[in-house]
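So the structure is just underneath, and the comments pick up after that.
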Amino acid sequence: MNNPAPEKTFDPSAAGVNNGRYFGFPYTLEEAETVVYPVRWDVTTSYGDGAAKGPDAILEASPQLDFYDFDYPRAWENRIGTHPGNALCTDNSSWREKALTIIRAQEQGEDTASYAPLLEEINQACRQVNACTRRDTGALLEQGKNVVLLGGDHSCPLGYLEALAERHSSFSILHLDAHADLREAYEGFTYSHASILYNALQLPAVERLVQVGVRDLCPDEVQRIECSGGRIRLWDDYTLHRNLFEGTKWAQVCSRIVNDLGENVYVSFDIDALDPSLCPGTGTPVPGGLSFHQASYLLRCLHESGRKVIGADLCEVSPGEAGGDWDANVGARILYKLCSLLRACSEH
Numbered sequence: 080m081n082n083p084a085p086e087k088t089f090d091p092s093a094a095g096v097n098n099g100r101y102f103g104f105p106y107t108l109e110e111a112e113t114v115v116y117p118v119r120w121d122v123t124t125s126y127g128d129g130a131a132k133g134p135d136a137i138l139e140a141s142p143q144l145d146f147y148d149f150d151y152p153r154a155w156e157n158r159i160g161t162h163p164g165n166a167l168c169t170d171n172s173s174w175r176e177k178a179l180t181i182i183r184a185q186e187q188g189e190d191t192a193s194y195a196p197l198l199e200e201i202n203q204a205c206r207q208v209n210a211c212t213r214r215d216t217g218a219l220l221e222q223g224k225n226v227v228l229l230g231g232d233h234s235c236p237l238g239y240l241e242a243l244a245e246r247h248s249s250f251s252i253l254h255l256d257a258h259a260d261l262r263e264a265y266e267g268f269t270y271s272h273a274s275i276l277y278n279a280l281q282l283p284a285v286e287r288l289v290q291v292g293v294r295d296l297c298p299d300e301v302q303r304i305e306c307s308g309g310r311i312r313l314w315d316d317y318t319l320h321r322n323l324f325e326g327t328k329w330a331q332v333c334s335r336i337v338n339d340l341g342e343n344v345y346v347s348f349d350i351d352a353l354d355p356s357l358c359p360g361t362g363t364p365v366p367g368g369l370s371f372h373q374a375s376y377l378l379r380c381l382h383e384s385g386r387k388v389i390g391a392d393l394c395e396v397s398p399g400e401a402g403g404d405w406d407a408n409v410g411a412r413i414l415y416k417l418c419s420l421l422r423a424c425s426e427h
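The working numbering numbers the first residue of the sequence shown as 80 and each following residue consecutively.
Quick look at the structure:
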């Protein structure tokens, strides 16, 4: 990677600094080898609001981390930089209100045909956000940067996936989530958070989708998985825990999951893949889920497999209505691990 030598040093044992950059790291975009790219967007969220506030909540919490990581002992040497983020997402509240008009009408059983022009207006706004993300992340990739996209709702990574598909002929997606997100244009929104993996699969470069922790999905999504010819591999939460209850070791399960992936891997991490006690503010929490250590161990197994991780995202972190910092605290630690994973695996 052609990064200039850093002009400054970072003391991982000093007090955290709130300098407007993730983890309080001192590096500019030019000095960074790994870049956090925020997308503050949650327009089509179908239940709880707040994911658009996730990137800033994590930004505020992140300097409170201690920077030794037991999975990546020298993780603090990763020169992590902060991108200002998608410029079209400075305030999505007006778009959110427009989307809620359609969502509420559907929930009340109204005929929503008259909302077609408004629906197309929202879809076009989402399309423009995706195009901006595609340009921004593509430019970072051209500079040799590792990029971790930070949502926002789970619709946010599509533009980044498109940028990666322009540069890699094939890659797998390791998708950690409580939901399958395989609905086509959920609630009429082409770029719904519940449609992100359906949309990702329209990219020919995506050779396989491996889903882990799913425990809420509809019959159409089950049929889509079953009819995928093996392109979609589901490790649902019920089967995962049944295996554990019956004596299978988590290490064995993780090995099987990783073996389903190709050589190039993109990691898409929806925070609600975790037990909701770890992310109570997220928009669509579901009972069950992975522990923090189970998720961390799976990422470590991916690293140790020798596969190349080409990109990652973390989405659906929300401070919740109460505005607590627990979700951000957990999210910051997941983000730190994803940055470390990406750096460690980018040159395999």
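We put the CB at the ideal spot given by N, CA and C, even for glycine.
Query: Tell me the residue span of the beta strand (DSSP E) that contains F89.; Result: No beta strand (DSSP E) contains F89, which DSSP labels as neither H nor E.
Query: Using only alpha-carbon positions, find the residue among D128, S375, P134 that is nearest to F102.; Result: P134
Query: Within 7 Å: the Cβ of Y151 and any heavy atom of the ligand FAD?; Result: Although the ligand FAD was asked about, the structure shown includes no ligands whatsoever.
Query: Start and end of the beta strand (DSSP E) containing D349?; Result: 343 to 349
Query: Taking all protein chains shown into account, do 16 or more other C-beta atoms lie within 10 angstroms of the C-beta of C306, making it buried, or fewer, making it exposed?; Result: exposed
Query: Let me know if T327 comes out buried or exposed under the rule of 16 or more other beta-carbons within 10 Å of its beta-carbon.; Result: exposed
Query: Assuming V291 and I336 make a contact with CB atoms under 8 Å, what is their CB distance in whole Å?; Result: 6 Å
Query: I need the DSSP call for W314, collapsed to helix, strand or coil.; Result: strand
Query: Which ranges would you report for the beta strand (DSSP E) in the stretch 204 to 238 if only whole runs of at least 3 residues count?; Result: 225 to 230
Query: Mind reading off the beta-carbon distance from P164 to Y106? Whole number of angstroms is fine, and I expect it under 8 Å.; Result: It is Gly, not Pro, that sits at residue 164 in the sequence shown. Actually they do not touch by this definition, with Cβ atoms about 17 Å apart.
Query: Who are A391's beta bridge partners in DSSP?; Result: V227, V346
Query: For P298, does the three-state DSSP call read helix, strand or coil?; Result: helix
Query: Going by the beta-carbon positions, is the gap between V409 and F348 smaller than 8 Å?; Result: no
Query: For T180, which three-state DSSP category applies?; Result: helix
Query: Which two residues bound the contiguous beta strand (DSSP E) that contains S251?; Result: 250 to 255
Query: Let me check understanding here. Comparing Cα to Cα, which of A93, E156, S419, R158 lies closest to V346?; Result: S419
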